[in-house]
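According to our numbering, the sequence shown is numbered sequentially starting from 1. Beta carbons: idealized from backbone N, C-alpha and C, even for Gly. First comes the structure, then the notes that go with it.
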Amino acid sequence: MRVIVSIGGSVLAPDLEADRVEAHADVLDGLVAEGHEVAAVVGGGGVARRYIGTARDLGATEYDLDALGIDVTRLNARLLIAALDSSATPEPAESHEAARASLRRGEVAVMGGTIPGHTTDAVAALLAEMAEADLLVYATSVPGVFSADPNVDSGAERYDELSAGELVDVISSIETAAGSNAPVDLLAAKIIERSGLRAVVLDGSEPPRIADAVAGDADGTEVRPDE
Ligand code: UTP
Numbered sequence: 001m002r003v004i005v006s007i008g009g010s011v012l013a014p015d016l017e018a019d020r021v022e023a024h025a026d027v028l029d030g031l032v033a034e035g036h037e038v039a040a041v042v043g044g045g046g047v048a049r050r051y052i053g054t055a056r057d058l059g060a061t062e063y064d065l066d067a068l069g070i071d072v073t074r075l076n077a078r079l080l081i082a083a084l085d086s087s088a089t090p091e092p093a094e095s096h097e098a099a100r101a102s103l104r105r106g107e108v109a110v111m112g113g114t115i116p117g118h119t120t121d122a123v124a125a126l127l128a129e130m131a132e133a134d135l136l137v138y139a140t141s142v143p144g145v146f147s148a149d150p151n152v153d154s155g156a157e158r159y160d161e162l163s164a165g166e167l168v169d170v171i172s173s174i175e176t177a178a179g180s181n182a183p184v185d186l187l188a189a190k191i192i193e194r195s196g197l198r199a200v201v202l203d204g205s206e207p208p209r210i211a212d213a214v215a216g217d218a219d220g221t222e223v224r225p226d227e
């Protein structure tokens, strides 16, 4: 299978601990050893948020805050590359074209963000679309897609399965609620919908769950293409 794994920065390197990065790299190496084609898109996490907060206080524009966030995603991508045993992109791919070329060379393609205006959720969905991936895995800090933000609403329930159209509706309603944090952003959901991608949203704090999802035993929310 061709698999794109989106790894949130807060899941890959919450405290910049080598062990956690290694655990994610081990899972990706294991997928390669099983014969899968693998690409990883890495987020910025708490480190990106801290840089962005400080730069916002200093008066930086939203564009420049995004650029700062992209830089941090690429730093995290470098950590993952350092930990991978499989042949990987030597430098984080800065464009989807570069990531696709890397996949075609048989490497693990690793990238962070690309351009201001979106997040790595959308970067991963676009890469899955471009590379015609069989599966897109979102390894996030929450165990799936909920009916509301579980950190804000104790009555939030997890969906085991959603159609892509339902995912768009659920994410729209979560993003409309002030201060809430959707597990996947709306642009990513719309790309998943338009291209009929198969996706899984799961808790990435236990990296082996990513391999379980690829093996067809996902513990999270499975998104299936619309009929
Ligand atoms: P993330 O993808 O980590 O953002 O990118 P996030 O989803 O808010 O954070 P997680 O899921 O908790 O890790 C960090 C920031 O980098 C910028 C955005 O400002 C984003 O919030 N960014 C990232 C871009 O502008 N473009 C990109 O392609 C990627």
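Check the Cβ-Cβ distances between residue i and every residue of chain D, and say whether any is below 8 Å.
{"i": "A139", "result": "The structure shown contains no chain D; it holds only a single protein chain."}
Between which two residues does the beta strand (DSSP E) carrying residue i extend?
{"i": "S154", "result": "It is not in any beta strand (DSSP E) - S154 carries neither H nor E in the DSSP assignment."}
{"i": "L28", "result": "No beta strand (DSSP E) holds L28; the alpha helix (DSSP H) holding it covers 18-33."}
{"i": "E227", "result": "First-last for E227: undefined, no H or E at that position."}
{"i": "V145", "result": "Neither: V145 is in no beta strand (DSSP E) and is coded neither H nor E."}
Start and end of the alpha helix (DSSP H) containing residue i?
{"i": "E97", "result": "96-104"}
{"i": "D232", "result": "Because the chain spans 1 through 227 in this model, residue 232 falls outside it and cannot be assessed."}
Please tell me whether, using a cut-off of 7 Å, the distance from the CB of residue i to the nearest non-hydrogen atom of ligand 1 is below it.
{"i": "I81", "result": "no"}
{"i": "L75", "result": "no"}
{"i": "T114", "result": "yes"}
{"i": "G144", "result": "no"}
{"i": "H118", "result": "yes"}
{"i": "S10", "result": "yes"}
{"i": "G44", "result": "yes"}
{"i": "D66", "result": "yes"}
Using the DSSP secondary-structure output, state which residues sit across from residue i in a beta bridge.
{"i": "R209", "result": "In DSSP, R209 forms no bridge with anything."}
Would you call residue i buried or exposed, if buried means 16 or more other Cβ atoms sit within 10 Å of its Cβ?
{"i": "R209", "result": "buried"}
{"i": "L167", "result": "buried"}
{"i": "D57", "result": "exposed"}
{"i": "I115", "result": "exposed"}
Using only alpha-carbon positions, find the residue among the options that is nearest to residue i.
{"i": "V41", "options": "D160, E34, R78, L167", "result": "R78"}
{"i": "D121", "options": "G44, V214, D15, L75", "result": "G44"}
{"i": "A188", "options": "A25, G216, V170", "result": "V170"}
{"i": "S205", "options": "V5, L12, R224", "result": "L12"}
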